[in-house]
Amino acid sequence: MKKLLIISLFFLSSCAGTQIQSSKSENFQIPEFKKVIVIAACADLKEKQETENVFSKELNHTALKGISYLSIFLPEKKYTDKETETLLNKSSIDGSIVIIKTAEFKSERYVSPQFFDMAVMSGSHDMFYGTPMEGYYLTEGITEYKISLLDRKNNKIWCAKATTKGSNKRMVYKSLAKTTIKKLRKDGIIH
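So the sequence shown is residues 727 to 917, counted in the working numbering.
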């Protein structure tokens, strides 16, 4: 029973949820994007790669295809404008999604003690008893992001601010990507 409870707590703490607010530009006609480069503006290379890969994978379930910045460009190399343009053309990129982490902090809440009712049925005797569970603290990460969709001329077509709650980084990125794509659909940017 205790093992099941610990497993349940693990899954609860690894879930992530995202709230998002967006706006689209009224100054530019929305192009029909086919393939965008996903750029996570992170100092940590592992976090950058993970974020870009998750976003690209989720985008590839839509009509809009995504490709990670790191799958086209080397992180330590400086590219000229001409080299950048050549690589973007070679990959048929017609826009970019830029993800910037703007804040990150932890929230802690206390979960009060609870009783779990158990029933044991054996033959003609049914026994019911309660199992106490001690209270505990649950720490949850909260991360805020700014997400922008730009065309090839760097015109901002769409932007959003998102807040994601969760402690499992991969689940946070996945929640952020899924919620962003859902919002892009709702706003009529992708189909």
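For every residue, glycine included, the Cβ atom is placed at its ideal position computed from N, Cα and C. On a predicted model such as this, the values are computed, not experimentally measured, just so you know.
Q. Pick from A888, K832, N880 and I825: whose alpha carbon is nearest that of L864?
A. K832
Q | Cβ neighbour criterion (16 or more within 10 Å) applied to L875 | A | buried
Q) From K904 to E784, what does the alpha carbon distance come to, in whole angstroms? A) 7 Å
Q: Can you tell me which of the three DSSP states D820 falls into?
A: coil
(Q) Using a Cβ-Cβ cutoff of less than 6 Å, which residues in the same chain neighbour K774 once the five nearest sequence positions on both sides are dropped? (A) A766 and C768
**Q.** Buried or exposed by the 16-neighbour rule on C-beta atoms within 10 Å, applied to L771
**A.** exposed
**Q.** Validate contact between the region 777-791 and the region 892-906 using beta carbons, cut 8 Å, 3 pairs
**A.** yes
Q) Can you name the start and end residues of the alpha helix (DSSP H) that E784 belongs to? A) L771 to L785
Q: Let me know if V762 comes out buried or exposed under the rule of 16 or more other beta-carbons within 10 Å of its beta-carbon.
A: buried
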